[in-house]
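For reference, the structure is listed below as structure tokens.
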Amino acid sequence: MSRSAHPAGPRHADVLAEGHYSAPAADLNALDEKVWARTVARDADGALTVGGIAVTRLAEEFGTPAYFLDESDFRARCRAWADAFGPDADVFYAGKAFLSRAVVRWLTQEGLNLDVCSGGELTTALDAGMPAERIAFHGNNKTVAEIERAIGAGVGRIVLDSFQEIARVAHIAQRHGKRQRVQIRVTVGVEAHTHEFIATAHEDQKFGIALADGQAAEAVRRALTLDGLELIGIHSHIGSQIFDMAGFEVSARRVVQLLAEVRDEHGVELPEIDLGGGLGIAYTSEDDPREPHEIAKALSDIVTRECEAAKLRTPRISVEPGRAIVGPTAFTLYEVGTVKPLEGLRTYVSVDGGMSDNIRTALYDAEYSVALVSRTSDAEPMLVRVVGKHCESGDIVVKDAFLPADLAPGDLIAVPATGAYCRSMASNYNHALRPPVVAVRDGEARVIVRRETEEDLLRLDVG
Ligand SMILES: *Cc1c(COP(=O)(O)O)cnc(C)c1O
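Residue numbers (our numbering): -13 to 449.
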């Protein structure tokens, strides 16, 4: 629900009714390790550090706003996911969360595979040396040119999203003299969000082929008959920012049912099942995400149990975490420009970025936390709304949070857990210059995506 669509009107949404900000943390200087990247700490002067470097120094060198990404945390999370699932499963990082050539190299080195869903993401992956067989190509409307390139490059799998695409990919593969490994994306009638899920018979969405009415079974039938395709499995992705494993349980059960039908009808046991991504992270202290090993155990137990019941060999499982790998590894650093107290309501804190570097609050009503990071403070907590510099009253970065009451222009504040879907969804609204991504590791900081310049803007504008 967008904030402008609040049922009681925008005014009501603005007054202290929703209670997201329940109470300030006991110590506003404390850094909750759930929401901050692993090497984040405070130095003797009270400044926040990442990879051993103080944000005050980082701001001087790289400017604000900027995203700072903890490279060792990113690599550790890749390893944790790969170790948790082990050699009999595959972890695909969902590139749409955040992709750059440096990220591709880290993934390649740490043994992960990569999901891409556009020609641009594919180019980035191949350019940075990700072996094509470790790439999966997704999307509900891949262009013919994209399919040509994916097949030509030899991607490990294409996830087929529609009946038209089954025919299209088969045709192009055949023209290339190839048999393309493919999965079919099915919609299982599970809509999962954070702490709840809804299971229905039908699914009203653009992605995938419905299990309902024998649609998915028909898609399998067609794929099995086409020479250009090698059908290796079934794919299902049920939502995002999910904490409750029950949605995956329903989804896995329905996919396994389809595998059993396929065996009964065609005598073929499809060897793979992909359960998608969508695993949640902590944006605020109230979120409690699970560790990768718990998720791996839960998913593999579900699939094993369902397959035993259906007397099927357990297929190879793959998963596609994006947010759960990159989300917690980065924070956005801003400089405070203005502080506007509204008596009895809240204080508006304007920063030098906004919806152009983090659209998630405006788009999804997302929750974030925020901290004063250039220093510590013993001042009382004040209720704040952190807003950007765009010409839009919905330009909100953090809806409700507490910052010390002595906050002043020139202070640096940081919003944690912005590694996923912030830089990748960034825009040039108001001709904003998209901020850089700076990777920090063991006392060294280096730009992996540079800040846009006004020249970049003018170069696209051909006059
Ligand atoms: C978006 C997406 C993912 C990744 O989702 P996260 O919430 O970042 O884990 C994985 N698979 C598919 C098919 C997706 O569309």
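Ideal Cβ placement from N, Cα and C applies to all residues, glycine included.
Since the model is a prediction, treat every value here as computed from it, not as a measurement.
Beta-carbon spacing of residue i, residue j below 9 Å
| i | j | result |
| --- | --- | --- |
| Val145 | Met116 | no |
| Phe84 | Tyr407 | yes |
| Leu261 | Val248 | no |
| Tyr354 | Val337 | no |
| Ala232 | Ser222 | no |
| Val128 | Ala136 | One point to set straight first is that residue 128 is Lys, not Val, in the sequence displayed. Cβ atoms of Lys128 and Ala136: closer than 9 Å. |
| Leu17 | Ala27 | yes |
| Val168 | Arg143 | yes |
| Gly263 | Ala178 | no |
| Phe71 | Ala282 | yes |
| Val289 | Ile259 | yes |
| Asn15 | Ser379 | no |
| Asp392 | Ala365 | yes |
| Glu57 | Ala425 | yes |
| Glu438 | Arg420 | yes |
| Asn126 | Phe193 | yes |
| Phe48 | Pro402 | no |
CA nearest to the CA of residue i, picked from the options
| i | options | result |
| --- | --- | --- |
| Asn416 | Arg445, Phe78 and Cys377 | Cys377 |
| Arg65 | Ser286, Glu119, Gly266 and Glu277 | Glu277 |
| Val373 | Glu366, Asp381 and Pro367 | Asp381 |
| His124 | Leu358, Gly81 and Leu93 | Gly81 |
| Ile170 | Gly142, Ala202, Ala178 and Leu419 | Ala202 |
| His252 | Thr211, Arg240, Arg291 and Ser271 | Thr211 |
| Tyr53 | Pro314, Gly330, Glu366 and Gly449 | Pro314 |
| Leu446 | Asn414, Ala209, Val356 and His279 | Asn414 |
| Thr456 | Ala111, Gly106 and Asp274 | What the structure shows of the chain is the stretch from -13 to 449, and residue 456 is not part of that stretch, so it cannot be assessed. |
| Asp230 | Thr186, Leu285 and Asp190 | Leu285 |
| Arg213 | Gln160, Glu235, Val254 and His188 | The question names Arg, but residue 213 in the sequence shown is Asp. Checking every option, the nearest Cα to that of Asp213 belongs to Gln160. |
| Thr404 | Val155, Ile267 and Val176 | Ile267 |
| Ile195 | Val241, Leu358 and His157 | Val241 |
Residue i versus residue j: straight-line alpha-carbon distance, rounded
| i | j | result |
| --- | --- | --- |
| Glu151 | Asp199 | 19 Å |
| Ala122 | Arg361 | 44 Å |
| Arg436 | Trp22 | 23 Å |
| Ala30 | Gly38 | 12 Å |
| Tyr269 | Val305 | 22 Å |
| Ala33 | Pro395 | 16 Å |
| Thr318 | Ala40 | 14 Å |
| Pro51 | Lys297 | 55 Å |
| Val384 | Arg371 | 6 Å |
| Arg165 | Val174 | 27 Å |
| Val433 | Ser410 | 16 Å |
| His181 | Glu272 | 12 Å |
| His162 | Glu132 | 14 Å |
| Ala400 | Glu46 | 15 Å |
| Ala418 | Ser342 | 7 Å |
| Tyr350 | Leu369 | 22 Å |
| Ala11 | Val356 | 12 Å |
| Arg332 | Ala295 | 56 Å |
| Ser226 | Ala114 | 27 Å |
| Gly339 | Glu134 | 39 Å |
| Ala205 | Val172 | 9 Å |
| Leu328 | Glu430 | 41 Å |
| Thr109 | Asp59 | 25 Å |
| Glu19 | Thr25 | 9 Å |
| His(-2) | Asp386 | In this prediction, His(-2) scores a pLDDT of 36, lower than 50, which makes its location untrustworthy; the coordinate-derived value is nonetheless stated afterwards. When rounded, the distance between both Cα atoms is 15 Å. |
| His(-8) | Ala352 | With a pLDDT of 34 at His(-8), under the threshold of 50, the modelled position of this residue cannot be trusted; read the value that follows with caution. Using only the alpha carbons, I get a separation of about 14 Å. |
Contact with chain C by residue i, beta-carbon distance below 9 Å
| i | result |
| --- | --- |
| Arg120 | Among the chains in the structure shown there is no chain C, since it carries only a single protein chain. |
Extract the residue ranges of the alpha helix (DSSP H) inside the region 284 to 347, only unbroken runs of 4 or more that lie entirely within it. 309 to 312
With three or more C-beta pairs closer than 8 Å as the rule, is the region 305 to 315 touching the region 344 to 351? no
Would the region 238 to 246 count as touching the region 210 to 218 if we require 3 or more Cβ pairs under 8 Å? no
Sufficient close CB pairs (3 or more, under 8 Å) joining the region 72 to 80 to the region 91 to 99: yes
Contained beta strand (DSSP E) runs [length at least 3] in the region 18 to 60, N- to C-terminal order: 34 to 36 and 52 to 56
Uninterrupted alpha helix (DSSP H) stretches inside the region 334 to 411 (no shorter than 4 residues): 346 to 350
In chain order, each beta strand (DSSP E) run of at least 3 residues that lies wholly inside the region 96 to 147: 99 to 102, 121 to 123 and 143 to 146
Complete runs of the alpha helix (DSSP H) confined to the region 156 to 189 [at least 4 residues]: none
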